[in-house]
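I have placed the structure first, in the form of structure tokens, so that the comments after it can refer back to it.
2 protein chains.
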Amino acid sequence: MPGVVEIQADLFGEPAGIPAQRFTARLSGTLIADGAGFATRPVPSLAVTLEGVPGDRHAGHSRPADSRVPWYPRGTPIRNARQLSLVAPDELAEIARRLGLREVRPEWIGANLVIEGVPRLTALPPGTRLHFPGGAALAVEGENAPCRHAGAAVAAACGEASAELDFPRLAGGLRGLVAWVEHAGELVADSPFEVHVPPQRLWTR
Amino acid sequence: MPGVVEIQADLFGEPAGIPAQRFTARLSGTLIADGAGFATRPVPSLAVTLEGVPGDRHAGHSRPADSRVPWYPRGTPIRNARQLSLVAPDELAEIARRLGLREVRPEWIGANLVIEGVPRLTALPPGTRLHFPGGAALAVEGENAPCRHAGAAVAAACGEASAELDFPRLAGGLRGLVAWVEHAGELVADSPFEVHVPPQRLWTR
């Protein structure tokens, strides 16, 4: 039946969900935010630790609560699950199309990793693990909701002032993921890695 | 149609998934593993920090890789997303029924929090947040898969040697969750808290 996804129920009458999935993808770029601002710059590799990318503005075991988590008093320390920003070229191209721009570059919006070979990267479920050659591993925290801060960076980079508000309005579901480091190691640009998606099951009360 | 869960597709032909859910549940018990072994003991409250429960054997920003993560060299530090163990009385009762025991007590299997009012607690999706009065907040890492270590603890506590192997075989999907602290604060036994389940969408390649 078009427009409906059918999920078989298991023996207990619960939706059986989707089993674990594993496949190979490609890390095509590595970038670091080690300047004054929000933007990143390409580097050949990133040696990540359990605190994230050393020298990057988003490194740390903790971070101050900000406008993304308004239910915590602003500035109080929360655990940092947003150590790295991951984007996909096909999703950035779709954002550019929606904004009427020629391109949206990973470095404009502070991306650390450019990922190829993961369809609908932004929709990868929380808890997905990314295992890199040599032992580094990341855990997906979830979607990186597009904010006006990144919109302002896009507007400044492309010279279109409208992008500041259009970006948060139109880039939802396309702006990539945030992730934290589970195991330290090196992330090398232009290399393959393994994606381990956990079993998925929809929960309702 | 019986045995099938139908999920409407969205405008882009993707499964629309389930929107965010919020509801109130109850923290009925708080326990700490501050002795020599695996077991916990009830306490009136737990003052959690970003490292977990101070003095508990599972506290820390990191933990050594163990048999749960055999893809990492054993003993190398990994980020600790298993700071607290959460269980539900109805699920423990079902484990007991399957094992032919009168009961399985939270302290036998090292639980830190006893949760009531969350149907199928063990199936709560990764990324779910638990917000407690006063500001403490936990993030759900995911299901706590039942291991032989906990089975041995059940066997010792109830005097039924068969439980050591029956527990890992029969307690799957019922043994509760592991979680990490997102915001420090106090968890007080016999108090309500808020459950924030993120939007859910099934991802396949």
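Chains P and C supply the protein sequences, listed in that same order. Take 1 as the starting number for the first sequence in our numbering and just add one per residue. Take 1001 as the starting number for the second sequence in our numbering and just add one per residue. All residues carry an ideal CB built from backbone N, CA and C; glycine is no exception.
If alanine 20 of chain P sits next to proline 192 of chain P, beta carbons under 8 angstroms apart, how far is it from one beta carbon to the other, in whole angstroms? Between proline 192 of chain P and alanine 20 of chain P the Cβ distance is about 19 angstroms, and since that is not below 8 angstroms, they are no contact.
Straight-line Cα distance separating aspartate 1090 of chain C from glutamate 1141 of chain C: 21 angstroms
Between the beta-carbon of isoleucine 1109 of chain C and the beta-carbon of leucine 1086 of chain C, is there less than 8 angstroms? no
By DSSP, does leucine 31 of chain P sit in helix, in strand, or in coil? strand
How is the beta strand (DSSP E) around valine 178 of chain P delimited, first residue to last? 177 to 183
Does DSSP put glycine 1127 of chain C in a helix, in a strand, or in coil? coil
Exposure of aspartate 1190 of chain C, with buried meaning 16 or more beta-carbon neighbours within 10 Å: Note on aspartate 1190 of chain C: under 16 other CB atoms within 10 angstroms of its CB, so exposed under the neighbour-count rule.
Partner residues on chain P for phenylalanine 1023 of chain C, Cβ-Cβ distance less than 8 angstroms: Arg205
Do alanine 266 of chain P and glycine 117 of chain P have their C-beta atoms within less than 8 angstroms of each other? Any property of residue 266 of chain P remains undetermined from this structure, which presents chain P solely from 1 to 205.
Quick one: which chain C residues come within Cβ less than 7 angstroms of glycine 172 of chain P? Correct list: empty, because the minimum Cβ distance to chain C is about 11 angstroms.
Tell me which same chain residues have a C-beta within less than 8 angstroms of the C-beta of arginine 1105 of chain C, skipping the five on either side of it? Leu1092 and Ala1157
CB-CB under 8 angstroms to arginine 148 of chain P, same chain, minus the five flanking residues each way: which ones, in chain order? Glu164, Leu165, Phe167 and Pro168
So what's threonine 1076 of chain C in DSSP terms, helix, strand or just coil? In this structure, threonine 1076 of chain C counts as coil in the three-state DSSP scheme.
Would you tell me roughly how many angstroms separate the C-alpha atoms of glycine 29 of chain P and histidine 131 of chain P, rounded to the nearest one? 16 angstroms
Does leucine 113 of chain P have its Cβ less than 8 angstroms from a Cβ in chain C? no
Exposed unless 16 or more other CB atoms sit within 10 angstroms - verdict on tryptophan 1071 of chain C: Tryptophan 1071 of chain C comes out exposed.
On a CA-only basis, which of C/Ala1145, C/Leu1027 and C/Gly1035 is nearest proline 1044 of chain C? Give me that one, please. Among C/Ala1145, C/Leu1027 and C/Gly1035, the Cα nearest to that of proline 1044 of chain C is on C/Leu1027.
Could you please give me the residues that DSSP links to glycine 1135 of chain C through a beta bridge? According to DSSP, which records beta bridges pairwise, glycine 1135 of chain C is partnered with nothing at all.
C-beta neighbour in chain C for proline 198 of chain P, strict 8 angstroms: Cβ-Cβ to chain C under 8 angstroms: yes for proline 198 of chain P.
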